[in-house]
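According to our numbering, numbering within the first sequence proceeds without interruption in unit steps and concludes at 566. Input: a single structure, listed below in structure tokens.
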Amino acid sequence: MAFRIHNTLTRSVEEVQPAEAGHVRMYTCGPTVYNFAHIGNFRAYLFEDLLRRHLKFRGFRVTQVMNLTDVDDKTIRSSREQGLPLKAFTKKYIEAFFADLKTLRVEPAEHYPAATDHVPEMIALIQTLLDKGVAYKSDDGSIYFSIAKFPGYGKLAHLDMSGLRSGARVAQDEYEKESAADFALWKAWDEQDGDVAWDAPWGRGRPGWHIECSAMGMKYLGPSFDLHTGGVDNIFPHHEDEIAQSEAATGHPFVKYWMHCAHLVVDGKKMSKSLGNFFTLRDLVGKGYSGRELRYELLATHYRQSLNFTFESLDAVRSALGRLDEFSDRLRAVAGIVDPGIQKTGTTGPGETPQAGISDPGYNLPAWAQQALEAFTAALDDDLNVSAALAALFDMITAGNRAMNEKTLDAAGAAAVLGLLQRFDAVLGILEPEQQQTDAAAEALLAQRQAARQAKNWPESDRLRDELKQRGWVIQDTPQGPKLKKI
RNA sequence: GGCGCGGUAGCCAAGUGGUAAGGCAGAGGUCUGCAAAACCUCCAUCAUCGGUUCGACUCCGAUCCGCGCCUCCA
Numbered sequence: 080m081a082f083r084i085h086n087t088l089t090r091s092v093e094e095v096q097p098a099e100a101g102h103v104r105m106y107t108c109g110p111t112v113y114n115f116a117h118i119g120n121f122r123a124y125l126f127e128d129l130l131r132r133h134l135k136f137r138g139f140r141v142t143q144v145m146n147l148t149d150v151d152d153k154t155i156r157s158s159r160e161q162g163l164p165l166k167a168f169t170k171k172y173i174e175a176f177f178a179d180l181k182t183l184r185v186e187p188a189e190h191y192p193a194a195t196d197h198v199p200e201m202i203a204l205i206q207t208l209l210d211k212g213v214a215y216k217s218d219d220g221s222i223y224f225s226i227a228k229f230p231g232y233g234k235l236a237h238l239d240m241s242g243l244r245s246g247a248r249v250a251q252d253e254y255e256k257e258s259a260a261d262f263a264l265w266k267a268w269d270e271q272d273g274d275v276a277w278d279a280p281w282g283r284g285r286p287g288w289h290i291e292c293s294a295m296g297m298k299y300l301g302p303s304f305d306l307h308t309g310g311v312d313n314i315f316p317h318h319e320d321e322i323a324q325s326e327a328a329t330g331h332p333f334v335k336y337w338m339h340c341a342h343l344v345v346d347g348k349k350m351s352k353s354l355g356n357f358f359t360l361r362d363l364v365g366k367g368y369s370g371r372e373l374r375y376e377l378l379a380t381h382y383r384q385s386l387n388f389t390f391e392s393l394d395a396v397r398s399a400l401g402r403l404d405e406f407s408d409r410l411r412a413v414a415g416i417v418d419p420g421i422q423k424t425g426t427t428g429p430g431e432t433p434q435a436g437i438s439d440p441g442y443n444l445p446a447w448a449q450q451a452l453e454a455f456t457a458a459l460d461d462d463l464n465v466s467a468a469l470a471a472l473f474d475m476i477t478a479g480n481r482a483m484n485e486k487t488l489d490a491a492g493a494a495a496v497l498g499l500l501q502r503f504d505a506v507l508g509i510l511e512p513e514q515q516q517t518d519a520a521a522e523a524l525l526a527q528r529q530a531a532r533q534a535k536n537w538p539e540s541d542r543l544r545d546e547l548k549q550r551g552w553v554i555q556d557t558p559q560g561p562k563l564k565k566i
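Shown next as structure tokens:
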């Protein structure tokens with residue numbers, strides 16, 4: 080089995096074969112840092128994270144670049160409205176972005192280049208395009224790319240540009256372009272830009288949007304690299320234009336595989352502020368959802384399928400994760416690893432922190448776990464079919480719980496399955512629970528209840544259980560003793 | 001108008017030319033002092049209408065509905 084992905088360029092599923100064997104170079108379109116990112120944005124970043132993690136799971140070395148677009152119309156406008164220099168304005172949102180990625184357990188990329196730190200590279204690229212005659216300067220001093228000079232234009236979006244040249248849709252204010260579909264490589268300075276400007280050989284101004292990704296992608300990954308991703312809305316014009324300007328400049332194919340994730344909708348509708356269904360990650364964390372829960376919700380749908388975000392399904396995630404945690408706890412108990420979540424009353428305190436061997440997966444794996452590993456791998460190999468991978472995981476949980484009920488899983492087997500879970504989690508990033516804070520008062524009540532139980536004082540025992548429930552804790556009586564779970 | 005994606009159980013969501021994964025919720029049962037957790041059992045004929053086929057949810061056509069792109073939105 081090999082890892083196969085859907086390539087937008089060919090509209091077919093292809094095996095991942097990087098130019099350099101075993102090393103994938105990928106460019107993932109990042110945020111425009113003029114605001115807090117919303118959950119739709121993070122759906123894309125989580126898709127990219129899954130891609131990255133599965134590549135690594137498959138043994139590839141990954142070099143990932145994610146750009147930070149810190150100069151564009153909206154960014155300039157907002158920074159001026161707030162009376163802040165561009166860098167000072169974007170700093171806040173860049174920091175928020177990285178904090179949000181951490182909340183969602185996204186693995187860091189190798190490079191996070193900011194557009195404003197790479198203007199010289201962009202100028203050089205534009206100069207090359209001017210020298211080659213595929214770009215031209217308009218009356219106002221802007222530089223445009225002439226799509227008529229690039230025969231392959233439209234190959235990614237599968238657009239036939241001939242129909243667009245009629246001029247019917249040319250906007251009034253775009254008279255300076257030779258063709259309506261030509262796009263800006265460089266925008267001449269105007270008053271609205273304030274002090275946001277750089278000097279180029281052809282005049283003062285700022286780079287167009289598309290050029291940053293070409294310049295930075297090539298700088299960090301080479302003139303030709305393996306993978307480029309983004310949301311479907313980036314296919315045209317952004318990625319189409321990247322291909323045109325990059326390939327026109329270098330004469331080499333820019334990117335081998337293009338992957339695009341579908342959008343997220345909320346309750347079946349496009350997310351918009353006017354509908355009141357627009358959420359940033361921060362909004363949802365504020366409503367009490369954890370990064371882990373949101374990660375699961377945003378990750379569990381296949382990336383090429385539009386994701387219907389609902390609070391109902393987000394609540395379902397909480398239950399599903401609870402079952403995952405329960406399974407890990409049981410495995411640890413069987414493996415003889417003291418679980419910090421299990422409060423043993425009586426002789427054993429929670430002091431011992433054993434480093435019991437999480438053995439190398441593959442050894443001692445029960446048949447059902449081996450089967451799960453194979454199904455899990457095959458699912459993700461098939462264009463990141465994460466839903467099927469999760470199904471394999473849950474099938475394993477059912478089989479594993481059954482084995483533990485029947486006492487057919489020994490300590491070594493349990494340790495091996497724990498090791499397998501860790502391998503799964505290297506890809507999914509959802510299995511490690513959030514730190515559960517301990518509550519001394521609750522533990523005292525738990526001990527009292529245990530004493531009441533030993534005295535067979537059931538009314539008192541039940542009363543204490545109710546009291547704990549009031550405080551947000553539910554009790555589970557296990558063979559290892561009673562356990563507290565946060566509701 | 002052009003191009004593209006999708007409509008699968010109460011909700012979320014995979015999938016296949018031969019009679020539908022998984023999760024959540026729900027019902028019954030086992031276990032438990034009672035619970036909780038776990039396990040077992042049950043719970044859909046795949047938008048509609050035609051067609052192709054021995055056989056379609058899966059292929060083709062039409063219709064309805066939802067969503068996206070068609071110049072800077074992941």
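Beta carbons: idealized from backbone N, C-alpha and C, even for Gly.
Cβ-Cβ distance between residue i and residue j below 8 Å
| i | j | result |
| --- | --- | --- |
| Arg122 | Leu343 | yes |
| Leu129 | Leu378 | yes |
| Ala267 | Asp312 | no |
| Trp281 | Ile222 | yes |
| Gly370 | Thr107 | no |
| Arg550 | Ser540 | no |
| Gln324 | Ser351 | no |
| His289 | Asp261 | no |
| Leu180 | Tyr124 | yes |
Backbone secondary structure at residue i - three-state DSSP
| i | result |
| --- | --- |
| Gly355 | coil |
| Tyr375 | helix |
| Lys366 | coil |
| Pro419 | Residue confidence is low: Pro419 scores 47 on pLDDT, short of 50, so the model does not pin down where it sits. Its coordinate-derived value is still stated next. Looking at Pro419 - three-state DSSP - the assignment turns out to be coil, as it is neither helix nor strand. |
| Gly86 | Note on residue identity: the sequence assigns Asn, not Gly, to residue 86. Strand at Asn86. |
| Pro316 | helix |
| Arg285 | strand |
| Trp552 | strand |
| Glu99 | strand |
| Lys170 | helix |
| Leu54 | What is shown of the chain runs 80 to 566, which leaves residue 54 out entirely. |
| Asp128 | helix |
| His133 | helix |
| Gly212 | coil |
| Leu183 | coil |
| Thr107 | strand |
| Val396 | helix |
Alpha-carbon spacing of residue i relative to residue j, whole angstroms
| i | j | result |
| --- | --- | --- |
| Leu360 | Arg383 | 21 Å |
| Ala236 | Pro230 | 14 Å |
| Gln434 | Arg159 | Summary for Gln434: the model assigns pLDDT 34, below 50, so the residue's position carries little reliability; its value from the coordinates is reported in the next sentence. Their Cα atoms are separated by approximately 55 Å. |
| Ala81 | Ala467 | 17 Å |
| Leu363 | Gln96 | 39 Å |
| Asp210 | Ile202 | 12 Å |
| Lys298 | Leu459 | 30 Å |
| Gly162 | Phe168 | 9 Å |
| Thr432 | Val413 | Below a pLDDT of 50, predicted positions are generally treated as unreliable, and Thr432, at 33, falls in that range; the measurement from the model is reported next regardless. Each residue's alpha carbon lies about 16 Å from the other. |
| Asp461 | Ile84 | 7 Å |
| Leu238 | Pro199 | 32 Å |
| Gly508 | Ala328 | 40 Å |
| Thr389 | Ala175 | 24 Å |
| Ala247 | Glu257 | Residue confidence is low: Ala247 scores 37 on pLDDT, short of 50, so the model does not pin down where it sits. Its coordinate-derived value is still stated next. Taking the straight line joining both Cα atoms gives about 14 Å. |
| Ala526 | Gln515 | 19 Å |
| Ala534 | Asn114 | 60 Å |
| Met295 | Val465 | 30 Å |
| Asn120 | His318 | 17 Å |
| Phe177 | Phe126 | 16 Å |
| Lys562 | Gln555 | 5 Å |
| Asn443 | Pro187 | 33 Å |
Span of the beta strand (DSSP E), counted from its first residue to its last, around residue i
| i | result |
| --- | --- |
| Trp277 | Trp277 to Ala279 |
| Ala94 | According to the sequence as given, residue 94 is Glu; it is not Ala. Ser91 to Glu94 is the span of the beta strand (DSSP E), which, as asked, contains Glu94. |
| Phe388 | Leu386 to Phe388 |
| Val345 | Leu343 to Val345 |
Integer-rounded CB distance, given that residue j should sit under 8 Å from residue i
| i | j | result |
| --- | --- | --- |
| Gly365 | Cys340 | 25 Å between Cβ atoms; not a contact. |
| Asn146 | Glu326 | Actually they do not touch by this definition, with Cβ atoms about 19 Å apart. |
| Ala454 | Ala471 | 4 Å |
| Ala263 | Gly287 | 4 Å |
| Arg409 | Met483 | 6 Å |
| Phe304 | Arg104 | 4 Å |
| Arg132 | Gln143 | The Cβ separation is near 11 Å, so there is no contact. |
| Ala451 | Asp474 | 6 Å |
Residue range of the alpha helix (DSSP H) that includes residue i
| i | result |
| --- | --- |
| Ile322 | Glu319 to Thr329 |
| Arg159 | Asp152 to Glu160 |
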